[in-house]
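The numbering used here numbers the first residue of the sequence shown as 23 and each following residue consecutively.
Ideal Cβ placement from N, Cα and C applies to all residues, glycine included.
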Amino acid sequence: MFDKYQIQLIDVKPYSNNTLTINPADYVAVLKISKNNSPDVIPPLKQLMSGIYPENVMCKAHLILVTKYDGSPACVTQKTKTNLIERGWANHENAEHTLSEKGPDTTLSDFRNILLTSPDIDEIFDMFGQPDADIGSGIHIYVYDLNDSTQIWIGYSDSILYIRHVDEKGNLLEELL
C-alpha cells in the first residue's frame with residue numbers, strides 16, 4: 023500500500039535458468055497498480071513487514087494509529103486508547119501517538135479479553151507487541167510473560183494451534199484455546 027494505492031509485483035522477465043549474465047536494463051517487471059478503496063486494511067504489522075514506514079501505516083476507519091513502546095504501530099479504538107492511558111501504558115503528553123517506554127504489564131485478563139473477539143496472531147502482536155521469547159522447534163511457541171510470573175504460550179504454525187496459560191516451570195494451568 024502506498025498513498026491508497028496497492029502495488030503488486032506480478033512477474034519479472036526474463037527468468038533464466040542458465041548462468042549467463044543478464045543486463046539489468048533487459049529485465050521487464052510487470053506491476054499491478056490499483057487504487058484501494060476497500061475498507062479492508064491489512065493489520066499494521068503486515069503493513070510494516072511489507073515495507074510501509076510506521077508513520078504511513080493505515081488503520082480501518084474506526085481505529086486510531088498509535089505507536090507502541092517498542093516503536094511498532096498499532097490500530098486501536100478510542101476506548102482502548104483511553105484504557106491504555108488509564109493503565110499507564112500511554113503517556114498523557116503523547117497519548118495521541120506514543121505508548122509509554124516501559125511497556126505494558128500484561129495480565130491474564132488482557133489475553134482473555136482479546137480471545138473474546140477473534141484470536142488472530144496479528145491482533146495479538148498488535149495488542150501485546152512481539153513475544154518475549156519463541157521457544158518452538160518445528161512450530162513457533164510464542165511466550166508472553168505476565169505480571170504474576172506466569173506465561174502465555176501460543177502454539178503457531180500457519181494458524182494458532184493453541185493458547186495456554188502456564189506457570190514459571192512451564193506446567194499447564196489452563197487451556198485458553
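Run through DSSP, which three-state label would residue i get?
| i | result |
| --- | --- |
| E77 | helix |
| K103 | helix |
| E123 | Reliability fails at E123, whose pLDDT of 42 lies under 50, so the model's placement of it is uncertain and no value is given. |
Could you pull out every residue in the same chain whose Cβ sits closer than 8 Å to the Cβ of residue i, ignoring the five residues on either side in sequence?
| i | result |
| --- | --- |
| T99 | H84, L85 and I86 |
| E196 | R186 and H187 |
How big is the Cα-Cα spacing for residue i and residue j?
| i | j | result |
| --- | --- | --- |
| I74 | D144 | 16 Å |
| S159 | Y178 | 11 Å |
| I176 | P65 | 19 Å |
| H162 | L137 | 19 Å |
| Y166 | C97 | 20 Å |
Exposed or buried, residue i, counting other C-beta atoms within 10 Å across all chains shown (16 or more means buried)?
| i | result |
| --- | --- |
| L106 | buried |
| A155 | exposed |
| P46 | exposed |
| D142 | exposed |
| V88 | buried |
| G151 | buried |
Near residue i, what residues of its chain come up, given a Cβ to Cβ distance below 7 Å and the 5 sequence neighbours on each side ignored?
| i | result |
| --- | --- |
| V34 | Y49 and A51 |
Task: Three CB pairs or more closer than 8 Å across the segment 43-55 and the segment 76-86 - done: No contact exists between the segment 43-55 and the segment 76-86.
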